[in-house]
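Visitor:
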DNA sequence: TGCGGTGAATTTTTT
DNA sequence: ATTCACCGCA
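In this note's numbering, the protein residues as written are 114 to 903.
(1) Please give me, in chain order, every unbroken run of the alpha helix (DSSP H) with length at least 4 that falls completely inside the region 683 to 747.
(2) May I ask you to list the residues that DSSP assigns as paired with residue 756?
(3) Distance, Cα to Cα, residue 706 vs residue 297?
(4) Would you mind sorting residue 351 into buried or exposed? The rule is 16 or more other CB atoms within 10 Å of its CB.
(5) I believe residue 362 touches residue 391 by the beta-carbon criterion, under 8 Å. Please report the beta-carbon distance rounded to the nearest angstrom.
(6) I need the straight-line Cα distance from residue 668 to residue 542, nearest angstrom please.
(7) Among 743, 508, 731, which has the Cα closest to the Cα of residue 436?
(8) Mind checking whether residue 402 and residue 364 have CB atoms under 7 Å apart?
(9) Leaving out the 5 sequence neighbours to the left and right, which residues in its chain are closer than 6 Å to residue 675 when beta-carbon positions are compared?
(10) According to DSSP, is residue 192 part of a helix, a strand, or is it coil?
(11) So, under 8 Å CB-CB, residue 733 and residue 438 are touching, yes? Tell me the CB distance rounded to an integer number of Å.
(12) Roughly how many whole angstroms lie between the Cα atoms of residue 486 and residue 479?
(13) Using a Cβ-Cβ cutoff of less than 7 Å, which residues in the same chain neighbour residue 831 once the five nearest sequence positions on both sides are dropped?
(14) With a threshold of 7 Å on Cβ separation, who are the neighbours of residue 181 within its own chain once the five nearest residues in sequence on each side are excluded?
(15) For residue 330, which residues from the same chain have a beta carbon less than 6 Å from its beta carbon, with the 5 sequence-adjacent residues on both sides left out?
(16) May I ask which residues mark the beginning and end of the beta strand (DSSP E) holding residue 463?
(17) Identify, in the order they occur along the chain, each residue of the same chain with its Cβ nearer than 7 Å to the Cβ of residue 736, setting aside the five sequence neighbours on each side.
(18) Use the C-beta contact count for residue 498: other C-beta atoms within 10 angstroms, 16 or more gives buried, fewer gives exposed.
(19) Let me know the secondary structure DSSP gives residue 789 once reduced to three states.
(20) What does a CB cutoff of less than 6 Å around residue 590 pick up in its chain, not counting 5 residues either side in sequence?
(21) Under a Cβ-count criterion, where at least 16 other Cβ atoms within 10 Å of its own Cβ denotes burial, should residue 641 be classed as buried or exposed?
(22) Decide yes or no for the touch test of the region 227 to 237 against the region 253 to 271: beta carbon pairs closer than 8 Å, at least 3 of them.
(23) Need the endpoints of the beta strand (DSSP E) that residue 273 sits in, please.
(24) Rounded C-beta distance between residue 229 and residue 328? I'm assuming under 8 Å.
(25) Name, in chain order, the residues that DSSP records as bridge partners for residue 420.
(26) Using the C-alpha atoms, what's the distance from residue 761 back to residue 793?
(27) Given 8 Å as the limit, is there contact between the region 192 to 206 and the region 154 to 166, that is, 3 or more CB pairs closer than that?
(28) If you follow the alpha helix (DSSP H) that residue 517 is in, where does it begin and where does it stop?
(29) By the DSSP assignment, the alpha helix (DSSP H) with residue 335 in it spans what residues?
(30) Going by C-alpha to C-alpha distance, which of 343, 314, 412, 523 sits closest to residue 692?
(31) Can the beta-carbon of residue 388 be found less than 7 Å from the beta-carbon of residue 442?
(32) Looking at the secondary structure, which residues open and close the alpha helix (DSSP H) in which residue 554 lies?
(33) Starting from residue 325, follow its DSSP beta bridges and name the residues at the other end.
(34) Determine the contact status of residue 740 and residue 430, defining contact as a CB-CB distance below 7 Å.
(35) Provide the residue span of the beta strand (DSSP E) that contains residue 635, from first to last.
(36) Give the DSSP-derived three-state secondary structure of residue 309 in the structure shown.
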């Protein structure tokens, strides 16, 4: 029948050996290693299981042990287990740990991987069912946007109003919700001038014509296949006897539907997650999926892992205090057997630079072991809400020579030069890759500008050919003159030759890669470039070629890179880590700094504006994630003043600070600053909320000019409101306080009147600057008295 | 084709 | 403040 049976017969043969060897091992010493809850989760092999695993409760251990147990008891062969994760890192770790438990490497588990990797595998087998060839290419975000840009031009859409990026994002969101173009609800499709589904449909057609898919398609196509072909679905339903899902709280609708379909027959699905750590709602994750599990799978066993092996009691209590303010939680209470430890430290600063200075000094103190045994720099991390906050720390750490590393940020394979080189490789493997051709046709400069490229496009389109062939036709027609023609001829011939070499097995793909970079003139291009980053880029290209060594051929390499965009180059030496809170999920450090806890920054104003209460709750979960990363020492800080987009702004301490239980918090205040002393501020402010009397560095803040300025400016936002009334304020309705007809002021455009409101964007007719679309955050309400005629 | 000026935006990120 | 995209000019 289909290739399914053959493939799996082979896989089965390979993995039987593993299972047999595993079974011969001594009976389950690994179970002894578990606490009762973990053991319960591991031993409940049959039927649906929801493992609610709080931060630091040994989730991965339970999950991997469960897999080992499934194999060890002979309940499943390795290739009958579907184990999905979100990141390659998580998949890798799972693989390694299962291997360690079984005392061997796990190669017979073909269905352990990310959602996307597994879907690629499935889609290659059944590509024809959605009109693709099985050698389809996977577009990354960059390709996606470029494709969208073409569409926008072709469709005559105002790119100012609907940037390609945004359109691609909207469509991505629809795919996350498992909406094919025909399924997008009317209310949503009204986006961009009621042409939403039209554009989406057109975009899908273009992808199909290119024999390409984007990341969202990987899931959606497989889902479509499952829904339309019962026989195919049935095969897999039968085959996957056991399903395990990591980070279930991060699944989106498409992934959820996908899992539910696959689990329908055996119902042996074990989902692991923590609703309190759901921080990816903004990219389509549905906390609802985990909250609904017991309804979806009646009779599900719910196991709570609550014993925490990571943090001290004070840290756990502080984290619990914060997360308690969220509603609709499944509810867990973390506890620990440890009974010692520092309280969470809280400190306020005058401004962001001082905050960075203080943290820098504190890191050095801790590294020297002033107050306690010294920590390595590797043991310390600074977690920020938004990546732009990192700069202050980088600046400071560079000046004092403190070694640091930034985690996250642009990945190796996303860099310009790497993507260019990859486009050349793609052309060598398949010359019909039009997107790749477009990318490099004039990189390096070949005298093939817009005009020439247009001619190529036309030649290709009128002949129904690929761009490379279009270029050939154009050259044959001699419809291109001068340098461009000669260069294009060279390029086209080169591509043909590279393609030949790529297909010949004997030829070394590493040599071919070097040859491509050389002959295309790409290396030379960067050698002549004298910008400061040019040497680094050449270095990266060398690294790229080196990375090829691990693969058999270029094709294998490209396949790998499309899905696995890792960047694990680690230089030696102990360093402090700087990263976003999002990037910190799943990590742990003995010492954690949490700077920038100011309302508007954290919780982020935008999250609250756009998502209302649910946005605030997600921010709160982010705070929870941040605190629970700390093993021994956690320091929260805020600054009264901060430069935002070049402008000095004052801010109030984050409302999350109010939620830190005071008995678990130690307030630090740097001595001798701004006349502040411990506890003196209560009198200054006479705060009615007693919780505030112990508030951090309140003296500094309250006596600061920033604070006073703030006080005089915003009477409608006193600092010590009771929580209830505050929650009302964050409701989206209440926040976007503008109405059509309001007079507003913009620092650049001056005064104007609101003519329309669309989410957080306002259409404003400015008196002098004319009609503009502006994010509401950038304008303030203008009372008529403010307007000074001149 | 390429550079410098202008205008506008600016959370979080994986695959 | 900074970055990034686009436009106009040489």
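Beta carbons: idealized from backbone N, C-alpha and C, even for Gly. Remember, it's a predicted structure, so these values are computed and weren't measured experimentally.
Guide: Once the coordinates are examined:
(1) Correct list: 694 to 697, 718 to 741.
(2) Looking at the DSSP assignment, residue 756 forms a beta bridge with 761.
(3) Looking at the two C-alpha atoms, the distance is approximately 43 Å.
(4) Residue 351 comes out exposed.
(5) Between residue 362 and residue 391 a beta carbon distance of about 4 Å is seen, short of the 8 Å cut, so the two are scored as contacting.
(6) Rounded to whole angstroms, residue 668 to residue 542 spans 6 Å at the Cα level.
(7) Nearest option by C-alpha distance: 731.
(8) Cβ atoms of residue 402 and residue 364: closer than 7 Å.
(9) So the list reads 251, once near-sequence residues are dropped.
(10) In the structure shown, residue 192 sits in a helix (DSSP, three-state: H, G or I).
(11) Indeed they touch by this definition, with Cβ atoms about 6 Å apart.
(12) About 8 Å.
(13) With a pLDDT of 30 at residue 831, under the threshold of 50, the predicted position of this residue should be treated as unreliable, though the coordinate-derived value follows. Within its own chain, no residue has a Cβ closer than 7 Å to the Cβ of residue 831 once the five positions on either side in sequence are excluded.
(14) Exclusion of the five residues before and after residue 181 leaves 143, 211, 214, 215 as the residues of its chain whose Cβ lies within less than 7 Å of its Cβ.
(15) There are no such residues.
(16) Unbroken beta strand (DSSP E) run through residue 463: 457 to 464.
(17) When the five nearest sequence neighbours on each side are left out, the beta carbons in the same chain lying within less than 7 Å of the beta carbon of residue 736 are those of 435, 769, in order along the chain.
(18) Buried, by the Cβ-count rule.
(19) Any answer about residue 789 is weak, because its pLDDT of 32 lies below 50 and its placement is not dependable; what the coordinates show is given next. Residue 789 falls in the coil class under three-state DSSP.
(20) The beta carbon of residue 590 sits closer than 6 Å to none of the beta carbons in its chain outside the five residues before and after it.
(21) With fewer than 16 other Cβ atoms within 10 Å, it is exposed.
(22) The region 227 to 237 is not in contact with the region 253 to 271.
(23) Membership of residue 273 in any beta strand (DSSP E) is not indicated, and neither H nor E is assigned to it by DSSP.
(24) That pair is a contact at about 6 Å.
(25) According to DSSP, residue 420 bridges with 448.
(26) Confidence at residue 793 is low in this model, with a pLDDT of 29, below 50, so the placement of that residue is unreliable and no value is reported for it.
(27) No, the region 192 to 206 does not touch the region 154 to 166.
(28) From DSSP, residue 517 is part of no alpha helix (DSSP H) but of the beta strand (DSSP E) over 517 to 519.
(29) Boundaries of the alpha helix (DSSP H) harbouring residue 335: 328 to 341, taken from the DSSP string.
(30) When only C-alpha atoms are compared, the closest one is 523.
(31) It is a contact, given that the beta carbons lie within the stated cut-off.
(32) Here residue 554 belongs to no alpha helix (DSSP H), and DSSP marks it neither H nor E.
(33) Beta-bridge pairing links residue 325 to 250.
(34) At a Cβ-Cβ threshold of 7 Å, residue 740 and residue 430 do not count as neighbours.
(35) Looking at the DSSP string, residue 635 is not in any beta strand (DSSP E); the run it does join, the alpha helix (DSSP H), is 635 to 641.
(36) The answer is helix: DSSP assigns residue 309 an H, G or I state.
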